[in-house]
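S.K.: Residue numbering for the sequence shown follows the working numbering, beginning at 260 and increasing consecutively. Note that the Cβ used here is the ideal one computed from N, Cα and C, for glycine as well. On a predicted model such as this, the values are computed, not experimentally measured, just so you know.
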Amino acid sequence: MVAAPAVVAAGASGALAQAPKTPTVVRVGVLNSLSEIIIFVAMEKGYFKEEGLDIKLERFSNTADMVAPLSSGQIDVASGAPTLGLFNGALRGLPLKLVADKGRNSKGHGFNAIVVRKDLVESGKVKSAADLKGLKIATASLHSPMEQQLEIALQKVGLTNKDVEIQNLGFPDMITALDNKAIDGALMIEPFVAIAAKRGVGARFMGVDDIAPDFQIAGVIYGPDFVAKHPDAAKRWMVAYVRGIRDYLAAVGNKAGKDELIAVLKKYASGTTDASVLENAAFPGFDPDGYLNLKTIEASIDWFTARGLLRGKPKLTDLADYQYLNYALERLGRREPAQKVQ
C-alpha cells in the first residue's frame with residue numbers, strides 16, 4: 260500500500276512517544292461497511308500495535324446496536340452517524356461524542372447514492388431528479404440523513420420528499436425490491452450500489468458527492484469508560500487512526516492502491532468482499548487530518564428541527580470533541596489549519 264509521507268510537527272512531541280510495555284486491550288465496534296476501512300488499514304500496518312494497543316473487533320449490524328454497549332463500557336470505540344438518535348442523546352446528556360471523521364461523501368467519493376431501476380434509466384423515463392416525482396424510493400430508515408440527502412436532491416428541482424413515495428427497507432432487501440420492481444429507486448450505500456449495478460437491477464443515478472458534497476457519513480465515537488479509565492490509550496488510538504487515514508488516501512486514488520485496500524477488506528471485513536464488486540464501488544472520502552464536517556452535521560440538526568423531530572437544538576460542543584485528534588496531529592503534523600468545535 261502506498262503510504263502517506265511521514266510528517267512530524269516541529270516543536271510538538273518529536274519522536275513517537277514511548278508505548279506501554281503491556282498492550283491495552285481496546286474493544287472496537289465495527290459494521291459490515293466500507294467506512295471501517297481506516298481501522299482495518301491501521302491494523303494491517305501495525306499502527307495500533309506500535310501505540311501499545313491490542314485491538315479486539317466486535318461486529319454489529321447497525322450503529323444503533325452499539326449505543327448501549329458503548330455507554331456501559333462493554334466496547335470502547337464505535338461509529339455513529341449524525342442521526343436523530345445521536346442528537347436526542349446529546350440533548351439528554353448522553354456522554355457519547357464524535358471524535359474523528361469516519362467517512363464523508365467528498366468529490367469522487369459518492370459512498371451514498373441514489374440508485375434507480377436500470378430499466379427506467381435505459382428507457383429514458385428517468386433522466387433527472389425531476390423524473391423521480393411519484394416514484395417509489397426506498398431509504399434504510401425513517402427520519403434519517405438519507406432522507407435528508409434525498410430531499411436535497413429533490414429540492415434542486417423544486418420537489419420535496421412529499422413528491423415521492425418513501426419506503427423503508429434494509430439495503431439487501433433494496434436489491435431484491437429493485438429486481439422485482441417493487442420499488443423504482445433507493446438511497447443506498449456502497450457496496451450495495453455496486454452490487455445493484457453488477458446484478459443489472461439498478462444504476463447509480465446521483466452520488467451524494469454531487470447532491471451534497473462532503474456530507475458527513477459517520478464519526479468515530481469513544482465510550483465514557485474508555486476515556487475515563489484509559490485516557491492515554493484514547494490518545495494513542497487516534498494517532499494510529501490518523502496514520503490509517505493518510506495511508507488510505509494515498510492508496511485509494513490509484514488502481515494498485517485500491518487493489519491493496521480490497522485485499523485488506525477481504526482479510527478483516529465480514530461483509531461483501533467480492534473484488535469484482537469492490538473494484539467498482541465508490542470508497543468513502545476522509546479529511547486528511549481526521550476532522551468532521553460540522554457544517555453538514557449542523558444542517559442535519561436544522562433539517563430534523565424543521566420537521567419537529569427534535570425538542571431542542573444540541574450544541575456542537577455536546578456532539579464533538581477534538582482533544583484526542585489534536586493530540587494525534589501534534590504527533591503527526593497537520594495537513595490543514597487547526598479546527599475547533601464551536
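Around the Cβ of Ser535, are there at least 16 other Cβ atoms within 10 angstroms (buried) or fewer (exposed)?
M.R.: Exposed is the call here.
S.K.: Considering only the beta carbon of each residue, do Leu551 and Ala579 sit closer than 9 Å?
M.R.: Yes, they are a contact pair.
S.K.: Quick check on this structure: which residue in Leu418, Ile411, Asp491 and Ile373 has the alpha carbon closest to the alpha carbon of Leu437?
M.R.: Of the listed residues, the one whose Cα sits closest to Leu437 is Ile373.
S.K.: Would you report the Cα separation of Ile298 and Gly544, rounded to the nearest angstrom?
M.R.: When rounded, the distance between both Cα atoms is 14 Å.
S.K.: Whole angstroms are fine: how far does the CA of Gly305 sit from the CA of Arg286?
M.R.: Going by the C-alpha atoms only, they are around 16 Å apart.
S.K.: Using the three-state DSSP reduction, which class does Met260 fall into: helix, strand or coil?
M.R.: Caution is warranted here: a pLDDT of 48 is assigned to Met260, below 50, making its placement in the model unreliable, and no coordinate value can be reported.
S.K.: Starting from Gln426, follow its DSSP beta bridges and name the residues at the other end.
M.R.: According to DSSP, Gln426 bridges with Ala397.
S.K.: Output the boundary residues of the alpha helix (DSSP H) element that contains Val600.
M.R.: Here Val600 belongs to no alpha helix (DSSP H), and DSSP marks it neither H nor E.
S.K.: If you run the structure through DSSP and keep just helix, strand and coil, what is Val536?
M.R.: Helix at Val536.
S.K.: Can you give me the C-alpha to C-alpha distance between Asn420 and Phe485, rounded to a whole angstrom?
M.R.: Looking at the two C-alpha atoms, the distance is approximately 40 Å.
S.K.: Measuring straight from C-alpha to C-alpha, what distance separates Ala541 and His368?
M.R.: Approximately 5 Å between the Cα atoms of the pair.
S.K.: Near Ala412, which residues of its chain fall below 7 Å by C-beta distance, leaving aside the five closest residues on each side in sequence?
M.R.: Excluding sequence neighbours, Ala412 sits near Ile373, Ala388, Met465 and Ile470.
S.K.: For Arg286, which residues does DSSP report across the bridge?
M.R.: Paired residue(s): Lys315.
S.K.: Using only the alpha-carbon positions, how far apart do Arg566 and Asn347 sit?
M.R.: Their backbone Cα atoms lie some 14 Å apart in a straight line.
S.K.: If you run the structure through DSSP and keep just helix, strand and coil, what is Leu446?
M.R.: The answer is strand: DSSP assigns Leu446 an E or B state.
S.K.: Jot down the residue ranges of each uninterrupted alpha helix (DSSP H) in the stretch 513-568, minimum 4 residues, whole runs only, in chain order.
M.R.: Qualifying alpha helix (DSSP H) stretches, in chain order: 514-527, 534-537 and 553-565.
S.K.: Look at Ala340 and Asp577 and say whether their C-beta atoms are less than 9 Å apart.
M.R.: The answer is no: Cβ separation not under 9 Å.
S.K.: Whether or not the stretch 431-449 and the stretch 388-398 are in contact is what I'm after, with contact meaning three or more pairs of Cβ atoms, one per stretch, closer than 8 Å; do they touch?
M.R.: Yes, they touch.
S.K.: Do Val336 and Tyr481 have their C-beta atoms within less than 9 Å of each other?
M.R.: Yes, these two residues count as a Cβ contact at 9 Å.
S.K.: For a test of the three-state rule: what should DSSP assign to Arg594, helix, strand or coil?
M.R.: In this structure, Arg594 counts as coil in the three-state DSSP scheme.
S.K.: Contact defined as beta carbons within less than 8 Å: I believe Arg593 pairs with Asp561. What is the distance between those atoms, to the nearest angstrom?
M.R.: About 29 Å; that fails the 8 Å criterion.
S.K.: Is DSSP giving Ala579 helix, strand or coil here?
M.R.: Correct three-state label for Ala579: strand.
S.K.: Work out the CA separation of Gln598 and Gly352 for me, nearest whole Å.
M.R.: Whole-angstrom Cα-Cα distance: 24 Å.
S.K.: Rounded to whole angstroms, what's the CA-CA distance from Ala359 to Ser382? Just pull it up for me.
M.R.: So the alpha carbons of these two residues sit roughly 43 Å apart.
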